[in-house]
Amino acid sequence: MLAGEVVDCHVLVIGSGGAGVRAAIEASQYGDTMLISKTITGKGGCTTMAEGGYNAVLREQDSCGIHFEDTLKGGAYLNDPELVHILVREAPLRMGDLIKWGAVFDLTDTDEIAQRPFGGQRFPRTCYAGDRTGHEMMTTLVERLDSSNVTLLQEFTVIDLLTTGEVVIGAIALDEKGNIVLLKADSTILATGGGTKVYDISTNSSGGTGDGFAIGYRAGAELIDMEMIQFHPTGAVFPYDARGRLVTEAVRSEGGVLLNNIGERFMKQYDPERMELSTRDVVARAIATEIQAGRGTKNGGVYLDVTHLPREQIETRLPVMLEQFLKFGVDIRKKPMEVAPTAHHIMGGLRITPECRTTLPGLFACGEIAGGVHGANRLGGNALADTQVFGKRAGEFAGKTEKRIKKVNEEQVKQQQDLLDAFLTGSRNPAQVRIHLQRAMWQGAGIFRNATDLNKTLETIDNLSHANIRAESLRNLAECSIVQNMCLTASLICRSALIRKESRGAHVRMDVKQTHDAQHSPFGHTYLSQFHEGIEQNGAGT
23 MLAGEVVDCH VLVIGSGGAG VRAAIEASQY GDTMLISKTI TGKGGCTTMA
73 EGGYNAVLRE QDSCGIHFED TLKGGAYLND PELVHILVRE APLRMGDLIK
123 WGAVFDLTDT DEIAQRPFGG QRFPRTCYAG DRTGHEMMTT LVERLDSSNV
173 TLLQEFTVID LLTTGEVVIG AIALDEKGNI VLLKADSTIL ATGGGTKVYD
223 ISTNSSGGTG DGFAIGYRAG AELIDMEMIQ FHPTGAVFPY DARGRLVTEA
273 VRSEGGVLLN NIGERFMKQY DPERMELSTR DVVARAIATE IQAGRGTKNG
323 GVYLDVTHLP REQIETRLPV MLEQFLKFGV DIRKKPMEVA PTAHHIMGGL
373 RITPECRTTL PGLFACGEIA GGVHGANRLG GNALADTQVF GKRAGEFAGK
423 TEKRIKKVNE EQVKQQQDLL DAFLTGSRNP AQVRIHLQRA MWQGAGIFRN
473 ATDLNKTLET IDNLSHANIR AESLRNLAEC SIVQNMCLTA SLICRSALIR
523 KESRGAHVRM DVKQTHDAQH SPFGHTYLSQ FHEGIEQNGA GT
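Numbering (my numbering), first residue to last: 23 to 564.
Following this line, the structure appears as structure tokens:
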């Protein structure tokens, strides 16, 4: 097969979730902007699925200083402080943009934006639209995008970045028919979202396959803290095909309590002060520990109970949860939910500057694909704020980049063509490879880790990476590329987990004896690229 159409633009945005759409809106003020999405813009990705809320300091009693401290403490002090300062300072401004553009959030009796308490925060600063917050945001953003001059490429799959030397000059993509398209750009923004679909049980949409981490790594970008995987404490446990579906933290912020199979409110054993509103890493480990100790339900979870709350509160504040569980045959107004941890968010990602520049010239990153903002554990409500704060920044600074000469490396394109041609003569079903990978990651790189299991998982991933996968037709080439990306992203997670020989935030090494707490850790970020890997010591790379 031969490369087809060549498209040129000033800014190319890869990904159409909250960060990508916000970046495209901003970049369009500076020149021709193209947004490419492997789904339909506004329909795929995790932002539209986000239920809980958006953290912003809006009250005099609260402050950016408190939000900053809460975020650092919640992130086990692995966050990049400068990025956190930007997040907490600009989140209210970006909330103002959403309101100005027509977003409808819940209000108080005095017509202020309503805010609810979320785990690990000393002040109720999580703004919400019932439990459909992300959907409301995406509806607003897509309407704003439609009024811009951004060019949309829907259902295109980016398979690699175009590079000249170390400079990124665009991307190689497949259209919906499997034809190659070359996209040249003065600046390229990765906003591809997360990748916890590399795990068997995950909250992510089908598109959360970690493509951006793999694409960035192959191009030569440096990634940090890829071992930091947040397992959301509360995902559905049945029916089988609904495993891992998010049960929003808003359930606990509204007063839901966690109970084991003997009716004990067990969080008092793990965090008696914050109870169910402890940080997600603490609550997830507590639930996993209860289940392992035999105090779980017959379906392998624990109970999350809101039956003591007024019916009106459940119906108005948690309508999606009510509707979701009614489909499962459970009326949460009368019966408790069953929940268990589920892979949810990758805190690590491409290393970025405050301008969202990566370590590669011409490449920017924002949203979940970028590392450093959330440290070792993300606070609920900070992700939606992250999409808007750093989406806007990425679009602005990418847009301000000067035009450059963009000469396509024909050898790079030929290598991609050869790889795709090989898929057409392969023999193994990519779906089988994906399932094997997901099960291996869940078993060997989950909440509780050790070097033996991580190395075994890495060996499995290596074997799967070399599987001779087959595309039945040109239309299946994208699926094969995505499965290879999943294998690479999974390997980055395991390699980083082996490098960090400490327990910190969401990363727990059961085989490491620890004498320090997170605030006094001798370690900084783990880092990986094609050229080096390691862990920072006292803030200095080694």
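Every residue, glycine too, gets a C-beta built ideally from N, C-alpha and C.
Let me know the secondary structure DSSP gives residue i once reduced to three states.
i, result
"C31", "strand"
"A392", "strand"
"Y262", "helix"
"A387", "strand"
"A98", "coil"
"E558", "strand"
"I374", "coil"
"G226", "Residue identity check: residue 226 is Asn in the sequence provided, not Gly. Coil."
"M248", "coil"
"Q460", "helix"
"M160", "helix"
"Y239", "helix"
"Q314", "helix"
"E360", "strand"
"A500", "helix"
"T256", "strand"
"C68", "coil"
"I36", "strand"
"R154", "coil"
"I565", "Because the chain here runs from 23 to 564, residue 565 falls outside it and cannot be looked at."
"M569", "Residue 569 is absent from the structure shown; the chain starts at 23 and stops at 564."
"G322", "coil"
"Q176", "strand"
So residue i and residue j are in contact, right, with Cβ under 8 angstroms, and what is the actual spacing, rounded?
i, j, result
"F350", "P261", "6 angstroms"
"A405", "E390", "7 angstroms"
"G381", "A243", "The sequence given here places Thr at residue 381; Gly does not occur at that position. Yes, T381 and A243 are in contact; Cβ-Cβ is about 5 angstroms, under 8 angstroms."
"A365", "F545", "Not really, about 23 angstroms apart at Cβ, beyond 8 angstroms."
"A540", "Y99", "5 angstroms"
"F127", "G403", "Contact flag wrong, Cβ pair sits at about 13 angstroms."
"G527", "G97", "6 angstroms"
Restricting to Cα atoms, I'd like to know which of the options is closest to residue i.
i, options, result
"M56", "G64, L205 and T132", "L205"
"A272", "E312, R154, P332 and D92", "R154"
"E165", "D133, G40, R274 and V269", "G40"
"M289", "G232, I309 and E198", "I309"
"C86", "L486, H107 and T70", "H107"
"T338", "S38, L129, D233 and K122", "L129"
"E286", "R296, D327, T447 and L406", "D327"
"E112", "G278, C31, T93 and V79", "V79"
"G200", "A151, I135, I521 and N498", "N498"
"T409", "G53, G75, P452 and R526", "G75"
"L348", "A258, T301 and V203", "A258"
"V29", "M160, I202 and S169", "I202"
"S209", "G278, E418, T301 and R317", "E418"
"V172", "Q143, I135, V324 and H32", "H32"
"N226", "E198, I211, V269 and D247", "V269"
By the 10 Å Cβ neighbour count, where 16 or more other Cβ atoms means buried, how is residue i classified, buried or exposed?
i, result
"A195", "buried"
"F445", "buried"
"G266", "buried"
"S503", "buried"
"N431", "exposed"
"H554", "exposed"
"M532", "exposed"
"N485", "exposed"
"K18", "In the structure displayed, the chain extends from 23 to 564; residue 18 sits before or after that span and is not available."
"Q346", "buried"
"P332", "exposed"
"G322", "exposed"
"I191", "buried"
"D263", "exposed"
"A315", "exposed"
"P255", "buried"
"K122", "exposed"
"K429", "exposed"
"G13", "The question about residue 13 has no answer here: the residues shown for the chain are numbered 23 through 564."
"S169", "exposed"
Answer yes or no: does any C-beta atom of chain B fall closer than 8 angstroms to that of residue i?
i, result
"G257", "Considering every chain present, this structure includes no chain B. It has just one protein chain."
Whether or not the stretch 366-379 and the stretch 232-246 are in contact is what I'm after, with contact meaning three or more pairs of Cβ atoms, one per stretch, closer than 8 angstroms; do they touch?
Output reads yes: the stretch 366-379 touches the stretch 232-246.
Given 8 angstroms, three or more beta-carbon pairs between the stretch 172-179 and the stretch 407-426
no
Evaluate contact between the stretch 391-398 and the stretch 355-365, counting only Cβ atoms and requiring at least three cross-stretch pairs below 8 angstroms.
no
Stretch pair the stretch 408-417 + the stretch 43-50: three plus CB contacts closer than 8 angstroms:
yes
contact_flag[the stretch 470-488, the stretch 505-519] where n(CB pairs < 8 angstroms) is 3 or more:
At 8 angstroms Cβ cutoff, the stretches touch.
Would the stretch 486-495 and the stretch 211-226 be scored as touching if the rule is three or more Cβ pairs under 8 angstroms?
no
Taking 8 angstroms as the threshold, find out whether the stretch 454-474 comes into contact with the stretch 525-542 through three or more Cβ pairs.
yes
So, does the stretch 60-70 touch the stretch 452-461, judging by three or more C-beta pairs under 8 angstroms?
no
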